[in-house]
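**Q** The sequence shown begins at 0 in numbering that gives the first Met the number 0 and counts up one residue at a time. Cβ atoms here follow ideal geometry from the backbone N, Cα and C, with glycine treated the same way.
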Amino acid sequence: MRKFEDYLTESFKYAFSDIKKGIIGGLLLAISGVFSVLLSIIMLTIGTNSNPNNIFKILTGMLIAIAVGFLISLVIGFVIDGYYVRIMKTTVEGFDNLPEWDNFIDLLMRGFLYFVGVLILAFIFLIIPIILFGIGVLLITQDEIIGMVSLMISFVIFIILLILLLFYLPLAEVNFSINGFLGFFEFKKIIKMMSLKYIVLVIVVGIIVLIIESIISAPFIFMDMLFSPHTHSYYANTISSTSFIIQLISATVSGFVGFFMAVFSKRAIALYYKDKIEEER
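Pasting the structure below:
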């Protein structure tokens, strides 16, 4: 079993072990982010500078743009998620270099299964408080006190189960990368692998990622606030060219940083999973 700090240092080294492969992943994530910015600008421009008499054409154009943008972002997202799955799998198998960017169909399929698995897990963990919340909303029209109590209970349960999901999910992802789709739902095995060391690792990794991404994004947020003309005409007509450029650069930089941080976090948890498996043998 590695020392705690080894999970962090080894994962950072791993994330930057092959800059070329890292750039490919960062570029894909950046493209997705830039495309989202461009799409929002196009929608804003169409919605504010078009003739109201052509509302049908405007809505049709916006829907097409949204559909195309969503599809492209979804495909890129699946490919990147598939690569994360490959990272976790090769880590457990003992490889210390970033995997190749090849067989994109395989990446796409693994990314899709990853997405579906996470979605199902979120449903399993959170469906009860969501139902209780709905009941509380209905009850509040009949009895305000009972309704509010129900809403408070549903909120508390939601927070507790969300925290449990956040700790369960990282190991479930690694288990999926090794054992296939049903690996998401091996609850007994995954819960047994959890320890105080694991909980602290998840928290520390999360804090590191949050701090680094905040440091990177903060200057762009500040510049956008500083240089964007926050007037009625700004919101009524279009976004300023300065703000547009800032948002494009921010999306690009955030894409690269986000990818490397994701690689770091996936690697750290996969190393812990690998150690636990070897410990049990």
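Find the nearest neighbour of residue 272 within the set 20, 168, 120, judged by alpha-carbon distance.
**A** 168
**Q** What separation, rounded to the nearest whole angstrom, lies between the Cα atoms of residue 148 and residue 125?
**A** Cα-Cα distance, rounded: 19 angstroms.
**Q** Alpha carbon to alpha carbon, how far is residue 232 from residue 226?
**A** Any reading at residue 232 needs caution, since the residue's pLDDT is 44, under 50, leaving its predicted position unreliable; the model's value is listed next. Cα to Cα, residue 232 sits roughly 15 angstroms from residue 226.
**Q** What did DSSP end up calling residue 98 once you bin it into helix, strand or coil?
**A** If DSSP states are grouped into helix, strand and coil, residue 98 belongs with coil.
**Q** For residue 90, count neighbouring Cβ atoms within 10 angstroms of its own Cβ and tell me buried if that reaches 16, exposed if not.
**A** With 16 or more Cβ atoms within 10 Å of its Cβ, residue 90 is classed as buried.
**Q** Less than 7 angstroms separating the beta-carbons of residue 87 and residue 269?
**A** yes
**Q** Using a Cβ-Cβ cutoff of less than 7 angstroms, which residues in the same chain neighbour residue 103 once the five nearest sequence positions on both sides are dropped?
**A** Excluding the 5 residues flanking it on each side, residue 103 has same chain C-beta neighbours closer than 7 angstroms at 78, in chain order.
**Q** Pair every Cβ in the segment 149-164 with every Cβ in the segment 113-127, then say whether three or more of these pairs are closer than 8 angstroms.
**A** yes
**Q** So residue 249 packs on residue 213, CB below 8 angstroms; how close in whole Å?
**A** Contact flag wrong, Cβ pair sits at about 13 angstroms.
**Q** Which residue's Cα is closest to the Cα of residue 73: 95, 97, 85, 113?
**A** Residue 113 is the option with its Cα nearest to residue 73.
**Q** Let me confirm a value: residue 174 is counted as buried when at least 16 other C-beta atoms fall within 10 Å, else exposed. Which label applies?
**A** buried
**Q** Report the option in 246, 207, 203, 202 whose CA atom is closest to the CA atom of residue 222.
**A** Nearest C-alpha to residue 222: 246.
**Q** In or out: residue 277 buried (at least 16 other Cβ within 10 Å) or exposed?
**A** exposed
**Q** Classify residue 59 as helix, strand or coil using the three-state DSSP reduction.
**A** helix
**Q** Please list the terminal residues of the continuous alpha helix (DSSP H) segment that includes residue 280.
**A** That residue, residue 280, is in no alpha helix (DSSP H); it is neither H nor E in DSSP.
**Q** Classify residue 105 as helix, strand or coil using the three-state DSSP reduction.
**A** helix
**Q** Which residue wins for smallest C-alpha separation from residue 85, given the options 172, 218, 257?
**A** 172
**Q** Taking Cβ to Cβ, would you say residue 180 is nearer than 7 angstroms to residue 10?
**A** no
**Q** Contact check, residue 200 vs residue 3 under 8 angstroms by CB: the rounded distance?
**A** 7 angstroms
**Q** Contact check, residue 166 vs residue 192 under 8 angstroms by CB: the rounded distance?
**A** Residue 166 to residue 192, Cβ: 11 angstroms. No contact.
**Q** So, using beta-carbon positions, are residue 75 and residue 26 closer together than 7 angstroms?
**A** no
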